[in-house]
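Q: For the sequence shown, position 520 matches number 1285 in the working numbering, and the numbering has no gaps at all.
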Amino acid sequence: MTKFETLGLDKPLLDAISDLGFETPSEVQEKSIPILLEKETDLVALAQTGTGKTAAFGFPMIQKIQSESRTTQGLILSPTRELCLQITNELKLYSKYIKGLNTVAIYGGASITEQARQIKRGAQIVVATPGRMKDMIGRGMVDISKIDYCVLDEADEMLNMGFFEDIKDILSNTPDEKFTWLFSATMPKEVASIAKKFMHKPVEITVGTKNAGASTVQHEYYQVGGRDRYPALKRLADANPGIFSVVFCRTKRDTQRVAEKLIEDGYNAGALHGDLSQNQRDLVMNAFRKKQVQMLVATDVAARGIDVDDITHVINYQLPDEIETYTHRSGRTGRAGKSGISMVIVTRSETRKIKAIEKKIQQNFISKKIPTGIEICEIQLYHLANRIKETEVNTEIDNYLPAINDVLDGLDREELIKKIVSVEFTRFYNYYSKTRDLNSSEGDRDRGERSDRGSKGGDAPSNGSVRYFINVGERDGYDWMSLKDFLRDTLNLEKEDIFNVDTKDSFSFFNSDAQHTEFILQTFTEFKVKGRFINVEVSKDPGGARKGKKRDRKRGHRKGGDGGYRKGGDSKSFRGGKKGGSGRRGGKKRPGFY
Ligand code: ADP
Ligand code: MG
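1) Using C-beta distances below 6 Å, list every residue in its chain close to Ser1271, excluding the 5 sequence neighbours before and after it, in chain order.
2) Is Ser1095 near Val982, with beta carbons less than 8 Å apart?
3) So, do the region 1242 to 1259 and the region 1284 to 1292 have three or more beta carbon pairs nearer to each other than 8 Å?
4) Are there 16 or more other CB atoms within 10 angstroms of the CB of Arg1297, so buried, or fewer, so exposed?
5) Under 8 Å, do Val891 and Leu840 count as touching if we go by C-beta distance?
6) Quick one, are the C-beta atoms of Leu844 and Glu922 less than 8 Å apart?
7) May I have the straight-line CA-CA distance separating Val793 from Thr1098, to the nearest angstrom?
8) Distance check for Thr1191 and Ser1360, CA to CA, integer angstroms please.
9) Considering only the beta carbon of each residue, do Met1060 and Tyr1032 sit closer than 8 Å?
10) Would you list, in sequence order, the uninterrupted alpha helix (DSSP H) runs of no fewer than 4 residues that lie entirely inside the region 914 to 954?
11) Rounded to the nearest angstrom, how far is the Cβ of Arg1232 from that of Asn1276, given a contact under 8 Å?
12) Run the CB neighbour count on Val1158, radius 10 Å, all protein chains shown included, and call it buried at 16 or more, exposed below.
13) In the DSSP output, what is Asn1204 paired with across the bridge?
14) Please state whether the Cβ-Cβ distance between Tyr872 and Thr894 is less than 8 Å.
15) Pairing CB atoms from the region 1170 to 1183 with CB atoms from the region 1134 to 1144, are three or more of them under 8 Å?
16) Can you say whether Ile782 is buried or exposed, counting buried as having 16 or more other CB atoms within 10 angstroms of its CB?
17) Around the Cβ of Ile1121, are there at least 16 other Cβ atoms within 10 angstroms (buried) or fewer (exposed)?
18) Between the Cα of Leu808 and the Cα atoms of Lys1154, Glu969, Gln1280, Gly1035, which residue gives the shortest distance?
19) In three-state terms, what does DSSP make of His1078?
20) Could you tell me which of Glu833, Arg835, Gly823 sits nearest to Asn854, measuring between CA atoms?
21) Please find out if some non-hydrogen atom of ligand 1 comes closer than 7 Å to the beta-carbon of Ala1168.
22) In terms of alpha-carbon separation, which member of Gly927, Glu788, Ile827, His1038 lies closest to Gly1242?
23) How is the alpha helix (DSSP H) around Arg1022 delimited, first residue to last?
24) Leaving out the 5 sequence neighbours to the left and right, which residues in its chain are closer than 8 Å to Thr806 when beta-carbon positions are compared?
25) Leu856: which of Met826, Ile1028, Leu1203 sits nearest, CA to CA?
26) Is there contact here, the region 1053 to 1068 with the region 1008 to 1022, by at least three beta-carbon pairs under 8 Å?
27) Taking the CB atoms as reference points, tell me whether Asp934 and Lys899 lie closer together than 8 Å.
28) Work out the CA separation of Asp913 and Ala1067 for me, nearest whole Å.
29) Return the first residue and the last residue of the alpha helix (DSSP H) that Tyr1091 is part of.
30) Taking the alpha carbon of Cys1014 as the reference point, which residue from Arg1000, Gly1035, Glu1029, Asn1005 has its own alpha carbon closest?
31) Does any heavy atom of ligand 2 sit closer than 7 Å to the C-beta of Glu847?
32) If you draw a straight line from the C-alpha of Lys954 to the C-alpha of Leu936, how long is it?
33) Would the beta-carbon of His1038 fall within 8 Å of that of Lys1017?
34) Per DSSP, what kind of secondary structure is His1038 in: helix, strand or coil?
35) Would you report the Cα separation of Ile1185 and Gln1021, rounded to the nearest angstrom?
36) Using the Cα positions of Asp931 and Gln1280, report the straight-line distance between them to the nearest angstrom.
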């Protein structure tokens, strides 16, 4: 087995490595370190998260840098503040026996003057998020004109987060002669183009198969109606007692909402997303590490850098926009030689995405059914029996035993068992005994997403759906999913209220129920994003093609605004058994837009 000693590292680093308890280099370290130490070259390294990329660039950078000089010689760009701090801490540990070597972290949300002061004291290595870096360059607070090495860490994620322009700007302040080392878990075309644009004949290293998820992970998908995502999530959790999971949502809003609902419903859940304060995020992560939180509901960005090893399940509450993101998500489980399951909840229209993911990860999904209420009751019952069997007896009880015996006097063993189990089980049984099947069946007449809407009763008769034209499209960076998110967030409607989103180059179409038309047109009157008018009109052609008619817009007052953040109406109870109940949709109030 290779040892760190054979890679060409000097004693101070080897001593630090031994203090850290690293025994053998990981594959990406074994491949990168000798090359980076021996050659002056650009490098592209692809390796999954958790494979030790920080040391793969950190060790060589530390060794190559002149600690006697105070000039900034190494720059590491990383997508988030958490990663930035994580890398900085790691580098400090690696360089603990090298006198005078300073690593400074710069990132948003903390005092810029304090960071500038630290840089001024001399920082040979700067670890930065792109936004703050650009800011500090602009203010002349940091000089990267003499760097020798630049690392783009988690390059795919940085580009995902829209940092391309910032990175370009930052690199334009660095010398042409520097060497660039790019590290990424995946290689989408954006990363390939950055490598092409900013790097010179990079050496390429790939650990494992390109873009492949860890093979210890089993991938499963569950097809449900769009409105059944949440009950489906609950069932998946209930069918897996002892679950320790990350649940991925696409937006911060969904993340917060799903976490809140789970908490209300009695699960040990927590939310992790960028709108939380650092302190809140630390709290939830600590609780997760201690397994006090069993279901961590997270956005992709916030979940980056979660270094928890024994996650049993990753649940994709919604699929990500980018297929590459799926590999990041599923890579959160099946770590450190353990096996894991990555579950995806999809609507029928999304199943084609599963095919695309299968191609990417070169692994097949298993199509599974959401367990029925009775199946869950069974699982819970056996789980409970096992828990009783394995529970260590608390000897303190001995003192009370005579009294307890008095209370339970006259119950035989069988009755006693039934009663003990019932204490916990009845709660589940009451939930599940009358619920319906959540699996969306082939017989549904509409698209899966809308499968349960056909029989809508109540007081809001809909004259079918209305198709709209909107003057933004793929050129503005939208695809159908992100446009749907944008519309839904802007209008504060449910996801299922916007459908058939179809993006073209410079414009797009979408549908909603007729009842929302006035509100939608009203909202998009004089509506600007970043100074640009966003314009929605009713499309005359229900099929999609625009026939540029003048819009006929009602300018009435919007109705139904209650201004609040609506809590899920059905969060406390299952919807099962209520199907076809009157006014299920019609009576819902919409929060106001402003
Ligand atoms: P990545 O950047 O690839 O996601 P990290 O560099 O953050 O991975 O490393 C993941 C974890 O593995 C860290 O806790 C790190 O300290 C640890 N680690 C890195 N290299 C080794 C090694 N050779 N032996 C043991 N642990 C390691
Ligand atoms: Mg990393």
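Cβ coordinates follow ideal geometry from the N, Cα and C atoms, glycine included.
A: In brief:
1) Gly1238, Arg1240
2) yes
3) yes
4) For Arg1297, the number of other beta carbons within 10 angstroms of its own is below 16, and it is reported as exposed.
5) yes
6) It should be pointed out that residue 844 corresponds to Pro in this sequence rather than to Leu. Yes, the Cβ-Cβ distance between Pro844 and Glu922 is below 8 Å.
7) A straight line joining the alpha-carbon of Val793 with that of Thr1098 spans about 19 Å.
8) No answer is possible for residue 1360: it lies beyond the span of the chain, which begins at 766 and ends at 1359.
9) yes
10) 920 to 925, 929 to 936
11) 5 Å
12) Val1158 is classed as exposed because its beta carbon has fewer than 16 other beta carbons within 10 Å across all chains shown.
13) Paired residues: Val989.
14) yes
15) no
16) buried
17) At residue 1121 the sequence reads Ala, which differs from the Ile that was named. By the Cβ neighbour-count rule, Ala1121 is exposed, with fewer than 16 other Cβ atoms within 10 Å of its own.
18) Glu969
19) strand
20) Gly823
21) No.
22) Among Gly927, Glu788, Ile827, His1038, the Cα nearest to that of Gly1242 belongs to Gly927.
23) Taken as a continuous stretch (DSSP letters only), the alpha helix (DSSP H) holding Arg1022 covers 1017 to 1029.
24) Ile800, Phe944, Lys966, Pro967, Val968
25) Met826
26) yes
27) yes
28) 31 Å
29) Unbroken alpha helix (DSSP H) run through Tyr1091: 1088 to 1095.
30) Gly1035
31) For ligand 2, not one heavy atom lies less than 7 Å from the Cβ of Glu847.
32) Looking at the two C-alpha atoms, the distance is approximately 20 Å.
33) yes
34) coil
35) 36 Å
36) A direct Cα-Cα distance of roughly 43 Å separates Asp931 from Gln1280.
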